[in-house]
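K.L.:
For the record, the sequence lines run as chains A and B.
Each residue of the first sequence is one higher than the last, beginning at 1 in the numbering used here.
Each residue of the second sequence is one higher than the last, beginning at 1001 in the numbering used here.
Backbone N, C-alpha and C fix where the C-beta goes; we use that ideal spot for every residue, glycine too.
Since we're looking at a predicted model, the values are computed, not measured.
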Amino acid sequence: MTHAPGIHYNRPFCRSHPIVQSVIAIEQLTKTYASGHQALRNIDLHIRKGEIFALLGPNGAGKTTLISIICGIVNPGSGRVLVGGHDIVRDYRAARSKIGLVPQELFNEGFESVWATVRFSRGLFGKAPDDALLERLLRDLSLWDKRDARINELSGGMKRRVMIAKALSHEPEVLFLDEPTAGVDVELRRDMWEMVRGLRERGVTIILTTHYIEEAEEMADRIGVIRRGEIILVEDKATLMKQLGKKQLTLHLRRPLARIPAELADEPLQLVDDGHQLVFTFDAQREHTGIAELLKRLAAHDIDYKDLQTSQSSLEEIFVNLVRTRA
Amino acid sequence: MNLYAVRAIYLFELARAWRTLMQSIATPVISTSLYFVVFGSAIGASMSQVQGVSYAAFIVPGLIMMMLLTESVSNASFGIYMPRYAGTIYEVLSAPVSYLEILIGYVGAAATKSVVLGLLILVTARLFVSYEIQHPAMMALFLVLTAVTFSLFGFIIGIWADGWEKLQVVPALIVTPLAFLGGSFYSIGMLPEVWQKIALVNPVVYLISGFRWSFYGVSDVNPLISLGMTLGFLVLCLAIVAWMFRTGYRLKS
C-alpha cells in the first residue's frame, strides 16, 4: 500500500503517551453487532484536551457507532475507552457527566417547551438547577424568545439549536457533534461554527463527525479518517493543509522521455505516463514558484511540450483517495 | 445516587400527565362514574347484597382496582415507549444515571399518577354510594403496591413493544379481561365451582379480593395470600426488569 507523502498514518496505541493527557483515550476498541456486522475494528484514538477533532468517513464507516459507544448508547465490544481518565463502563457516571452529545437526527420531546426540555437535560446529567446559566445558553443560541414555545412548533434549524442547548445544559467538557450541519442552512452552519470556536476558547473539547470536507477544513485542529470501522489516518490539519498548498504542473511532452536528464535532477520532477508527461511539484503559496525557470531550462535541453496544466490536490481528493483505494 | 436525574425524569413524566390532564385523569374518572351509574345505581338497585355489602358499595374497590391496573400499565408503558419511539431515549442512555434511577423516575411517576387517580375515583364514588374503609393502612398499602407493581409491568411492556400495536394489545387483551374476570363486579363465590378454581389462576383475583377486604373485611381469599401474591408479582416484574437492563434488551445494541 502506498502512503501519501507527509501523511502520518495511525499507529498502534502509543504506550509512552500517558492516558490522562488525552481527554478521550480509546484502545483496541472493537464492536460487532448481533447481526454479525463488524462496525469497529481495533480502534486506537486519542483526543487531546481542548482540540476540535473532525472524524471523517463515508456513510456506514462507523462514525456514529464510535460516538454512541463513548456516550453509553451502544455497548462496547472489546477494548476500552476512557473519558477524562474514567472508564466508560466501570466508572460510567464520571465519564458520562463530562460528555454532551448532539446526535445526527432531530430527536425531541415535541410537546414540551424549550425551557422544560433544557431544564430536564441539566437535571438528568446530575446538575443542580441553574436558571441563569440556562438563560445565557438559550440567549447564545438565539432560543430565548422561543423558550416557551413547544418544540413541535419550531423550524428544523431551531430544533437543532434546542438539541445543542440540551447537550450544553450540563456544561460538558467534551461535546460530540454528530453530523452537525447535515441538512442545515448556511446561516445556522455559520452560527454553529462560531459557537464551536467559542466553546473551544472556553476549553471544551469538540469532536465532530462530518462528511463535508469543507467543514473539517474550516473547523478542525486535527482530522481523523475512518473507513469500514478502521481509523486509517489521524493528522494535524495544518500538515494536511500543507499538502493542499502544493500544486502540480503537468507538461504533455511532444516526444516521450526515457528518463529525466541528469542536469535537471535538482528539480522536483517526475516522469509519468510512459514518459509522455512531466510533473513538476511546486508550492503555490511562495512568491517564486520556479515555473518560469523550469520552462527555460527545459527549452535549453530541447524538451518540447504541446500542452501544460496545473492542478491542486484538495483535502477532498486526499480523503476520497484514502477511502477508495486503501484496502 | 443521581437524585437530580430521578427528580428530572419524575417531574418530566408528571408534567406530561398534567399537560394531558383530560386524558390522564378526567377520562378514567368519568368512565368509572359511568360504571357506578350503570352497575351501582341502575342494576345494583335490583340486586341483593353481596357478602353482606350493598352491590353498589361492593363494586367500589373492584372498580378502583380495575382502573389502577389498566392506568398503571398504560401510563408506564407509554412513558418509556414514547422516548424510545421518538428517539429521545438517547439522552437518558447517555446520561450519568443508573438503571435503578431510570426505573425509579419512570415507574415512580406512573405509580404516582395511578395512586392519585385511585384516590380521585374513591372520592368520586362517594358521590354515588356510601362505603366504609375498615383497614385504611392496608387499603393504602394495597393501593400503592398494586400501582407500583403494575407500573413495573407496564414499563416492561413499554420496553418490549416494538410498535404502537403491541403497546395497546397487552392492556386491551390481557389486563382488562383479567380485571373484568378478576371479580371487579362480583364475588368469585358467585361463580360455578369449576370457574372458581380457574379464577384462582388469575392474579387479579387476589388483588381485588385483598383490596376489598381492606374496605369491608370480607374477601374471597385470605388477605395475607393476596398480599403475598401482590408481592410475588412485584418481585417477578423486578426480576424481568433486572434482566432487561442487564442484557440491554431493546435499549442498547
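Any contact of the region 202 to 214 of chain A with the region 230 to 239 of chain A, i.e. 3+ C-beta pairs under 8 Å?
P.N.:
Flag = no, the region 202 to 214 of chain A and the region 230 to 239 of chain A do not touch.
K.L.:
Ends of the beta strand (DSSP E) at T1230 (chain B)?
P.N.:
No beta strand (DSSP E) contains T1230 (chain B), which is instead part of the alpha helix (DSSP H) from P1223 to T1247.
K.L.:
Are the beta-carbon atoms of S1226 (chain B) and L1207 (chain B) separated by less than 8 Å?
P.N.:
It is a contact, given that the beta carbons lie within the stated cut-off.
K.L.:
Any heavy atom of the ligand SAM closer than 7 Å to the Cβ of V74 (chain A)?
P.N.:
Ligands displayed in this structure: none; no statement on the ligand SAM is therefore possible.
K.L.:
Just the Cα atoms here: how many angstroms apart are A1015 (chain B) and D178 (chain A)?
P.N.:
Roughly 30 Å separates the two Cα atoms.
K.L.:
Could you tell me which chain B residues have their CB closer than 8 Å to the CB of I73 (chain A), listed as they occur along the chain?
P.N.:
Those within 8 Å of I73 (chain A) in chain B are Y1090, L1093, S1094 and K1252.
K.L.:
Only counting the same chain, and skipping five residues up and downstream in sequence, which positions put a Cβ closer than 7 Å to that of R11 (chain A)?
P.N.:
The predicted model places R11 (chain A) with a pLDDT of 42, which falls under 50 and marks its position as unreliable; any figure quoted below should be read in that light. None.
K.L.:
Does the region 1065 to 1077 of chain B come within contact of the region 1141 to 1151 of chain B, defined as at least 3 CB pairs closer than 8 Å?
P.N.:
Cβ pair count under 8 Å is three or more, so yes.
K.L.:
Output, in sequence order along the chain, the residues in the region 97 to 109 of chain A whose CB is closer than 8 Å to any CB in chain B.
P.N.:
So the close ones are S97, I99, L101, P103, E105, F107, N108 and E109.
K.L.:
Let me know the beta strand (DSSP E) ranges lying completely inside the region 64 to 102 of chain A, each 3 residues or longer, listed in chain order.
P.N.:
The region 64 to 102 of chain A contains these whole beta strand (DSSP E) runs: 80 to 83 and 99 to 102.
K.L.:
Answer with yes or no whether the minimum CB distance from G84 (chain A) to chain B is below 8 Å.
P.N.:
Not one chain B Cβ lies under 8 Å of G84 (chain A).
K.L.:
Between Y1216 (chain B) and G1052 (chain B), what straight-line distance do the alpha-carbon atoms span, to the nearest angstrom?
P.N.:
Cα to Cα, the separation comes out at about 9 Å.
K.L.:
Which ranges does the beta strand (DSSP E) cover as unbroken runs of at least 3 residues, wholly within the region 184 to 271 of chain A, from first to last along the chain?
P.N.:
Here the runs fully enclosed are 205 to 210, 222 to 227, 230 to 236 and 246 to 253.
K.L.:
Count the other CB atoms within 10 Å of the CB of N59 (chain A); is the residue buried (16 or more) or exposed (fewer)?
P.N.:
Classification for N59 (chain A): exposed.
K.L.:
Please report the straight-line C-alpha distance between K306 (chain A) and V225 (chain A), rounded to a whole angstrom.
P.N.:
About 39 Å.
K.L.:
Pull up the distance between the alpha-carbon of L308 (chain A) and that of N108 (chain A), whole angstroms please.
P.N.:
Those two C-alpha atoms are separated by around 56 Å.
K.L.:
For chain B, is any of its Cβ atoms less than 8 Å away from the one on R80 (chain A)?
P.N.:
Judged by the 8 Å Cβ criterion, R80 (chain A) is not in contact with chain B.
K.L.:
If I'm right that G79 (chain A) touches L29 (chain A) with Cβ under 8 Å, what's the distance once you round it to whole angstroms?
P.N.:
Confirmed, Cβ separation roughly 4 Å.
K.L.:
For P1203 (chain B) and M1229 (chain B), which I take to be in contact (beta-carbon distance under 8 Å), what is that distance rounded to the nearest angstrom?
P.N.:
Correct: roughly 6 Å between the Cβ atoms.
K.L.:
Out of B:A1005, B:A1057, B:V1107 and B:I1121, point me to the one whose CA is closest to G1079 (chain B)'s CA.
P.N.:
With distances taken between Cα atoms, G1079 (chain B) lies closest to B:V1107.
K.L.:
With contact counted as at least three CB pairs below 8 Å, one residue from each stretch, are the region 67 to 84 of chain A and the region 1058 to 1070 of chain B in contact?
P.N.:
No contact exists between the region 67 to 84 of chain A and the region 1058 to 1070 of chain B.
K.L.:
Answer with buried or exposed for K296 (chain A), where buried requires no fewer than 16 other C-beta atoms within 10 angstroms of its C-beta.
P.N.:
By the 10 Å Cβ count, K296 (chain A) comes out exposed.
K.L.:
By how many angstroms is the C-alpha of A1172 (chain B) removed from the C-alpha of L1100 (chain B)?
P.N.:
If I take the Cα positions, the gap works out to 28 Å.
K.L.:
K49 (chain A) and V23 (chain A) look like a contact to me (Cβ under 8 Å); what is the Cβ gap, rounded to whole Å?
P.N.:
Their Cβ separation, rounded to whole angstroms, is 4 Å, which keeps K49 (chain A) and V23 (chain A) in contact under 8 Å.
K.L.:
Can you list, in chain order, the residues of its chain with a C-beta nearer than 6 Å to that of A1109 (chain B)? Leave out the 5 residues immediately preceding and following it.
P.N.:
Taken in chain order, the residues that qualify are Y1010, E1013 and L1014.
K.L.:
Between I1159 (chain B) and R1250 (chain B), how many whole angstroms is the CB-CB distance? I'm expecting something under 8 Å.
P.N.:
Correct: roughly 5 Å between the Cβ atoms.
K.L.:
Quick one: residues in its chain with C-beta nearer than 7 Å to the C-beta of A1095 (chain B), no 5 flanking neighbours on either side, listed in chain order?
P.N.:
Answer for A1095 (chain B): A1005, listed in chain order.
K.L.:
Using a beta-carbon distance below 8 Å, is K63 (chain A) in contact with chain B?
P.N.:
No, no contact with chain B.
K.L.:
Below 7 Å CB to CB, which residues in the same chain sit around L1122 (chain B) once its five sequence neighbours on both sides are set aside?
P.N.:
I1064, listed in sequence order.
K.L.:
Would A149 (chain A) pass as an interface residue toward chain B - the criterion being a Cβ-Cβ separation below 8 Å?
P.N.:
No, A149 (chain A) does not count as interfacial toward chain B.
K.L.:
Whose Cβ in chain A lies nearer than 8 Å to the Cβ of A1005 (chain B)?
P.N.:
Ordered by position in chain A, the residues that pass the 8 Å Cβ test against A1005 (chain B) are G123, L124, F125 and G126.
K.L.:
For G110 (chain A) and K166 (chain A), I'd like the C-alpha separation in whole angstroms.
P.N.:
Approximately 14 Å between the Cα atoms of the pair.
K.L.:
Starting from the beta carbon of A34 (chain A), find every residue of chain B whose beta carbon is closer than 7 Å, and list them in chain order.
P.N.:
Chain B residues near A34 (chain A): S1253.
K.L.:
Using CA coordinates, which residue listed in A:R222, A:K247, A:R228 and A:L264 is at the minimum distance from E51 (chain A)?
P.N.:
Looking at the Cα atoms, A:R222 is the closest of the given residues.
K.L.:
Whose Cβ in chain B lies nearer than 9 Å to the Cβ of K166 (chain A)?
P.N.:
The answer, in chain order, is E1091.
K.L.:
Would you tell me roughly how many angstroms separate the C-alpha atoms of V174 (chain A) and S35 (chain A), rounded to the nearest one?
P.N.:
Distance between the alpha carbons of V174 (chain A) and S35 (chain A) is about 31 Å.
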